[in-house]
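Let me begin by presenting the structure, written as structure tokens, before commenting on it.
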Amino acid sequence: MNYCTICKKEITEAEQIYSTKKYGKALCRSHQNTTNNGLSKKEGRYKEGMIKGRIAETLIEELFLSLGYNVFRYGMENTVPAITKLLQDVNSEVADTIRRMPDFVVQHPIRKDVYFIEVKFRKSGQFDISDKSLYKYPYGNAYFVIVSKSHIKCITYSELKEGKKVTSKSMNYLGNRKEFDLDKETIKQFCDFAVKFFSEV
Numbered sequence: 130m131n132y133c134t135i136c137k138k139e140i141t142e143a144e145q146i147y148s149t150k151k152y153g154k155a156l157c158r159s160h161q162n163t164t165n166n167g168l169s170k171k172e173g174r175y176k177e178g179m180i181k182g183r184i185a186e187t188l189i190e191e192l193f194l195s196l197g198y199n200v201f202r203y204g205m206e207n208t209v210p211a212i213t214k215l216l217q218d219v220n221s222e223v224a225d226t227i228r229r230m231p232d233f234v235v236q237h238p239i240r241k242d243v244y245f246i247e248v249k250f251r252k253s254g255q256f257d258i259s260d261k262s263l264y265k266y267p268y269g270n271a272y273f274v275i276v277s278k279s280h281i282k283c284i285t286y287s288e289l290k291e292g293k294k295v296t297s298k299s300m301n302y303l304g305n306r307k308e309f310d311l312d313k314e315t316i317k318q319f320c321d322f323a324v325k326f327f328s329e330v
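Here the sequence shown stands for residues 130 to 330, numbered as in the numbering used here.
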């Protein structure tokens with residue numbers, strides 16, 4: 130007889146073979162709907178998305194720092210760290226505004242101009258105004274840096290509102306933004322990091 134390693138419920142041999150192959154242990158059908166650490170699939174996807182986003186943010190933070198920029202973490206997880214989990218399932222205008230705080234404020238090393246930077250990881254490399262994160266977006270002067278498995282691109286919120294898009298074939302590379310004066314070779318190195326980190330995604 131085979132049993133679920135979590136609830137000890139009897140399972141069929143087929144369930145035991147399938148779950149051992151897929152999850153690394155014998156699980157009943159109910160517990161196959163949770164990840165190995167006990168999270169539901171929905172919670173698991175949320176956590177996975179958060180981790181990918183943080184990797185992308187760290188990549189862009191280090192890119193700007195390496196080019197002499199002053200970089201200040203600005204998003205809700207930095208300004209009000211305890212609120213991230215509390216807002217996970219809250220739907221209100223205030224919660225949405227907090228959730229949409231840009232990730233960084235960066236300052237040009239010479240001109241001292243400052244910019245809001247919002248970093249997004251998109252596996253497909255595509256980003257446009259229809260993205261759900263832009264619904265009622267309150268920061269009209271933000272720059273969106275889109276990290277994909279092979280490119281780092283950039284577009285402003287006003288450009289998105291005009292109907293412009295980031296696609297896998299578009300030419301809106303971060304290195305082409307004249308506002309930032311970024312070294313293209315350094316950006317290429319960080320693109321290589323993105324390929325390395327996200328190749329299995």
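The beta carbon of each residue, even a glycine, is placed where N, CA and C say it ideally should be.
(message) At the level of alpha carbons, what is the spacing between Asp-334 and Asn-207?
(response) This structure does not reach residue 334, given that the chain is present from 130 up to 330, and the question cannot be answered.
(message) What does the alpha-carbon distance come out to for the pair Val-200 and Gln-145?
(response) In the sequence shown, counting from the first residue as 1, residue 200 sits at position 71. In the sequence shown, counting from the first residue as 1, residue 145 sits at position 16. One C-alpha to the other measures close to 51 Å.
(message) I need the DSSP call for Phe-309, collapsed to helix, strand or coil.
(response) The residue given as residue 309 occupies position 180 in the sequence shown. Reduced to three states, the DSSP call for Phe-309 is coil.
(message) Is the separation between the beta-carbon of Thr-141 and that of Ala-155 shorter than 8 Å?
(response) Residue mapping note: residue 141 aligns to position 12 of the sequence shown, counting from 1. Residue mapping note: residue 155 aligns to position 26 of the sequence shown, counting from 1. No, Cβ-Cβ distance for Thr-141 and Ala-155 is not below 8 Å.
(request) State the start and end residues of the unbroken alpha helix (DSSP H) segment that holds Arg-158. (result) Counting from one through the sequence shown, the residue named residue 158 turns up at place 29. Annotation: the continuous alpha helix (DSSP H) that includes Arg-158 extends over 158-161.
(message) Going by DSSP, what residue range makes up the alpha helix (DSSP H) through Glu-222?
(response) Indexing the sequence shown from 1 puts residue 222 at position 93. Per DSSP, Glu-222 is one residue of the alpha helix (DSSP H) stretching across 222-228.
(request) Would you mind stating whether Lys-252 and Lys-278 have Cβ atoms separated by less than 8 Å? (result) Here the question's residue 252 lines up with position 123 in the sequence shown. Here the question's residue 278 lines up with position 149 in the sequence shown. Yes, Cβ-Cβ distance for Lys-252 and Lys-278 is below 8 Å.
(message) Quick check: Phe-250 and Gly-182, are their CB atoms within less than 8 Å of each other?
(response) The sequence position of residue 250 within the sequence shown is 121, counting from 1. The sequence position of residue 182 within the sequence shown is 53, counting from 1. Yes; because the gap between Cβ atoms is below 8 Å, this pair is in contact.
(request) Pick helix, strand or coil for Ala-271, following the three-state DSSP scheme. (result) Here residue 271 corresponds to residue number 142 of the sequence shown, with the count starting at 1. Assigned with DSSP and collapsed to three states, Ala-271 falls in strand.
(message) Taking the beta carbon of Ile-239 as the centre, do at least 16 other beta carbons fall within 10 Å, making it buried, or is it exposed?
(response) As a working mapping, residue 239 is identified with position 110 in the sequence shown. Per the 10 Å Cβ criterion, exposed.
(message) So if DSSP puts Val-234 in a beta bridge, which residue, or which two residues, is it bridged to?
(response) Counting from one through the sequence shown, the residue named residue 234 turns up at place 105. Paired residues: Phe-201, Phe-245.
(message) What does the alpha-carbon distance come out to for the pair Asn-131 and Lys-171?
(response) Start at 1 with the first residue of the sequence shown, and residue 131 comes out as number 2. Start at 1 with the first residue of the sequence shown, and residue 171 comes out as number 42. Using only the alpha carbons, I get a separation of about 27 Å.
(request) Please classify Glu-191: does DSSP put it in a helix, a strand, or coil? (result) As a working note, residue 191 is residue 62 in the sequence shown. DSSP, read as helix, strand or coil, puts Glu-191 in helix.
(message) Less than 6 Å between C-beta atoms, sequence neighbours within five positions excluded: which residues of the same chain meet that for Ala-271?
(response) The residue you call residue 271 lines up with position 142 of the sequence shown. Apart from sequence neighbours up to five positions away, the residues of its chain that approach Ala-271 with a beta-carbon distance below 6 Å are Pro-231, Phe-245, Glu-247, Tyr-286, ordered along the chain.
(request) Just tell me which of Val-274, Cys-157, Lys-137 has its CA closest to the CA of Phe-193. (result) As a position in the sequence shown, residue 193 is number 64, starting the count at 1. Of the listed residues, the one whose Cα sits closest to Phe-193 is Val-274.
(request) Using three-state DSSP, classify Lys-282 as helix, strand or coil. (result) As a first step, residue 282 must be located in the sequence shown, where it is residue number 153. The answer is strand: DSSP assigns Lys-282 an E or B state.
(request) Enumerate in chain order the residues of its own chain whose CB-to-CB distance from Asp-260 is below 7 Å, with the five nearest sequence positions on each side excluded. (result) In the sequence shown, counting from the first residue as 1, residue 260 sits at position 131. Non-local beta-carbon contacts of Asp-260 in its own chain, meaning distances under 7 Å to residues more than five positions away in sequence, are absent.
(message) Buried or exposed for Ile-284, going by 16 or more other Cβ atoms inside 10 Å?
(response) Working through the sequence shown from its first residue, we reach residue 284 at position 155. Under this definition Ile-284 is a buried residue.
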